[in-house]
Each structure stands twice: as C-alpha cells, then as structure tokens.
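Chains as they are written, first to last, in our numbering: chain A, 26 to 246; chain B, 26 to 246.
C-beta atoms are modelled at their ideal positions from N, C-alpha and C, and glycine is treated no differently.
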C-alpha cells in the first residue's frame, strides 16, 4: 500500500536525517525515496528532482501530493499536522529556546559543512581533504562550544536538550554530532552534548533514522 | 520610560535587520542596543555580551528580562506572543511554504556570507576582497535562482512572497537583497524578487528598519 508521506533524502544528509528522526518520533510511516547526491553528477541536479525542489537539495517531503522543502520547515509542518507527541514545548519561551538551539545548528553550523560548500572550496580555493576537514571542524567546534554553554548553563536542559522528552533540538543535534564524529572532532570539551546524544541513541526513533540504517547506505566494510 | 523589549543588534547585520522588520510590522516599540561588530575587536566577543549570547552573534532580544537568540526563533516568538498582524499564514501548508522561503535564505544563503566566515576565508585561504566578493555573490546567486523559481512559479505568491500581506519571508528577503546590492550582484535574473522587494520598501515598517536608518549607522558621505 502506498504511504501518504514520501521523503526524498540521502542516507548521509544531515538535513534528511533530522526529518527521519522527527517522522520516527511521531510514529509516522513514510516511503523512502533515495536521491544519490554524488552518483551521476548528483541526482539532485536532475530535472525530475529539480522540479520538486528548485534548490536541488535534500530533503523534500511529499504529503498527499503537496511538496515541502527545507528540513526545519518540514519538521514544523509535521508538528502542526501531527501534534502528538509534541516536539516543541508548550510555552512560548520554551519553544523559542528549542528553535534557537535548532537554528544554531541548522543555520550557523550545518550549511558551512554542506557538500556543495566543500566542493566549492575545492574548486575555488584548491582546498584539499585536509583543509576541508579543518574548515568543517572549525565551524562545528564554534557551534558546539556555544551550544555546550547554552545547554550546560540552563536549568531547562534535562535528559534531552530541553526537558526529559526529545524535541526538534535533539533531532538536529544527533545528525550534527554524527557529522562531527565523521570529521574526527574531539568531543571532550562537549560533555553535555555527548550525554544528550547518548540519551537520544538509546531510542529506536533515533537509531532507525541513522545513516547506516537506510536502504541506500553502502554495505558495511 | 523603559521598553519591555530591547534588541541588541548592528545596523548592517542582516539577521538584526530581519527582526527590526518583524518588530515594526507588529507595531512593537523596542529599545535599540547597538553592538559594534568591528570596533574594539568586535563588541560581540566582550564578556557582557557573551553572557547574553554564547554564540557571540547578533541579534539578541530581551523581553522583560528573558533573553532570546537566533533571528528566526525570535521572530517565531514574536508571532506567538503578539499574533496580530500575523506574519505567517493560517494554514499549515502555507506556513510551511513561508518557513521554507525563510530557511532558504537564513540557512543556505546568509550564513555563508556572514562576517565571521569572510574573516575566516581571509585568514585561512588568504582570500582578498575580490575573492570574498565572488564567494558572496556565488551563494546569494545560487539562493536567489532557486527562490526566484519558487516565487515566480507558485500561485501563492502575491504582492509579497506569500499573498498580499508581508510575512516572515519578506522580512528575510529584504535584508538579503540589501546584502546582494552591497556585493553588486546583478539582479536582472530575479525580477520577481525585485518586484517584491519594491513592494516591501513602500512600507514604513521596512524603511524604518533599514540599516542606514539606525542610530548606530555611520553618517552618510
């Protein structure tokens, strides 16, 4: 039977990974439609996909024929159309805090390490793998330093980024942490982040959203 | 008399400019607290400001003693606490569209041209002014190309980005357009964007939020 929801994504895309976590936390079944970001010059640049998302980026969610782009906008849409379990707190100040934590990651960390940016650094500044690694670690480290302070120094932080239930902030944090590990960023300075990521990874919703658990991930080894 | 709301910003910061537009559209008075991003090695790095915002970025809104960071989170907070006039549509799909337009700009365009990124390009890749200009124009152009398609090809686009009243998408678009002009990006390929920016600039709320209208802007000439 076809699902109401279909997610165009890529196993290792942080932004798609976020949306998978949110879908899983809400218990929403969806059809997975992989878009290979590297093969064939990048399937996201092919006309069929470009027609869905003129930005030629993943993810993209289709809900009964309507197309939605931008991971944060998609997650807010899921929150409004499927309110339970909530992934934002009930109070305006709490919601603002969770959104600030998500935006810190989604605006000020993730886009700087995106594939298209790393490719452009290579072509324009002749950045090799080592330089791209240094660039990526720099921006993740800048973001995590501020995030660690904001999490460790606030009584609203609980088992998760905000209280004792996962929110959109955790859905953004875990993919960014995955990316940090991939770039071999030392995590010793970020104990609160590490503790919260561990709490998330104890949940099926997070584990089943992991890049390596996706059908389009390459076989291990 | 002291205002309930105080905004820490910088005249030329796109993110602060967005929040000024939203405050003006909602008719909310606020105290302006300039943070000079260049002088004294960057006032945003001083301990007093760092205590407010560990990211050491502007803007930062204080509402009766509570501190809020991240421009998009601040604007959603203003929308929730001061719902009229609305800056998001009433329907979930429309809200998702407006949020996707804002996130296209706030995640995939603006952070790449941010001061700290340009400074890092200079120190790490010896990028001079010309190279920083090319970098900035490239990412604005990529974003505007997609945005133009999303605006021109959708019946939901009206006088403004979504319908005939300004939304959060317009509050993000005008500062990004200001930045594009500053970097001398030719705007001929983006007629819908240009038309919407003109419609915005006809409104006092946008004009009074302009960088040059701020008390901390340098005198003209």
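Query                                                                                                                                                                                                : Result
So, are the CB atoms of residue 194 of chain A and residue 185 of chain A less than 9 Å apart?                                                                                                       : yes
Does the beta carbon of residue 39 of chain A come closer than 9 Å to any beta carbon on chain B?                                                                                                    : no
How many angstroms separate the CA atom of residue 147 of chain B from the CA atom of residue 137 of chain A?                                                                                        : 16 Å
Hey, how far is the Cα of residue 220 of chain B from the Cα of residue 187 of chain B?                                                                                                              : 13 Å
If we ignore side chains and look at the alpha-carbon of each, how far apart do residue 165 of chain A and residue 42 of chain B end up?                                                             : 26 Å
Apart from the five residues on each side of it in sequence, which residues of its chain come closer than 8 Å, Cβ to Cβ, to residue 56 of chain B?                                                   : 27, 28, 30, 31 and 32
Considering only residues of the region 90-165 of chain A, which uninterrupted alpha helix (DSSP H) runs meet the minimum length of 4 residues and lie entirely inside it, listed in chain order?    : 96-106, 117-133 and 140-150
Which residue from A/176, A/111 and A/140 puts its Cα closest to that of residue 78 of chain B?                                                                                                      : A/176
On the DSSP letters alone, give me the boundaries of the beta strand (DSSP E) that residue 85 of chain A sits inside.                                                                                : 85-88
Could you compute how far the alpha carbon of residue 36 of chain B sits from the alpha carbon of residue 62 of chain B?                                                                             : 10 Å
Please list the partners that residue 154 of chain B has in chain A, where partner means a Cβ-to-Cβ separation under 7 Å.                                                                            : What residue 154 of chain B touches in chain A: nothing, since even the nearest Cβ is about 15 Å away.
Helix, strand or coil: how does DSSP classify residue 184 of chain A here?                                                                                                                           : coil
Assuming residue 74 of chain A is part of the alpha helix (DSSP H), what are its boundary residues?                                                                                                  : 72-77
In terms of DSSP beta bridges, what is residue 31 of chain A paired with?                                                                                                                            : A/56 and A/87
With a cut-off of 9 Å, does the C-beta of residue 96 of chain B fall near any C-beta of chain A?                                                                                                     : yes
Taking Cβ to Cβ, would you say residue 190 of chain A is nearer than 9 Å to residue 110 of chain A?                                                                                                  : yes
When you compare only the Cα positions, how much space is there between residue 81 of chain A and residue 92 of chain B?                                                                             : 36 Å
Could you name the residues of the same chain whose beta carbon sits closer than 7 Å to that of residue 234 of chain B, not counting the 5 residues immediately before and after it, in chain order? : 42, 45, 46 and 49
State the start and end residues of the unbroken alpha helix (DSSP H) segment that holds residue 217 of chain A.                                                                                     : 216-226
Do residue 198 of chain B and residue 126 of chain B have their beta-carbon atoms positioned less than 9 Å apart in this structure?                                                                  : yes
Roughly how many angstroms lie between the CA atoms of residue 104 of chain B and residue 106 of chain A, to the nearest whole one?                                                                  : 19 Å
Against chain B, with Cβ distances strictly below 9 Å, would residue 197 of chain A count as a contact?                                                                                              : no
Output the distance between the C-alpha atoms of residue 99 of chain B and residue 206 of chain A, rounded to the nearest integer angstrom.                                                          : 30 Å
Between residue 60 of chain A and residue 74 of chain A, is the Cβ-Cβ spacing less than 9 Å?                                                                                                         : yes
How would you label residue 200 of chain A, buried or exposed, when you count the other beta carbons within 10 angstroms and need 16 or more for buried?                                             : buried
First and last residue of the alpha helix (DSSP H) that includes residue 194 of chain B?                                                                                                             : 193-207
Identify the continuous alpha helix (DSSP H) that holds residue 45 of chain A and give its terminal residues.                                                                                        : 39-50
List the residues of chain B that residue 106 of chain A touches, going by C-beta distances under 8 Å, in chain order.                                                                               : 117
Please state whether DSSP places residue 179 of chain B in a helix, a strand or coil.                                                                                                                : coil
For residue 120 of chain A and residue 101 of chain B, I'd like the C-alpha separation in whole angstroms.                                                                                           : 9 Å
Taking just the CA atoms, how far does residue 217 of chain B sit from residue 178 of chain B?                                                                                                       : 10 Å
For a contact meaning CB atoms closer than 9 Å, what does residue 142 of chain B contact in chain A?                                                                                                 : 137 and 164
Residues of chain A with CB under 7 Å from residue 174 of chain B, in chain order?                                                                                                                   : 79
On the DSSP letters alone, give me the boundaries of the alpha helix (DSSP H) that residue 232 of chain A sits inside.                                                                               : 229-232
DSSP state of residue 80 of chain A, grouped into three classes?                                                                                                                                     : coil
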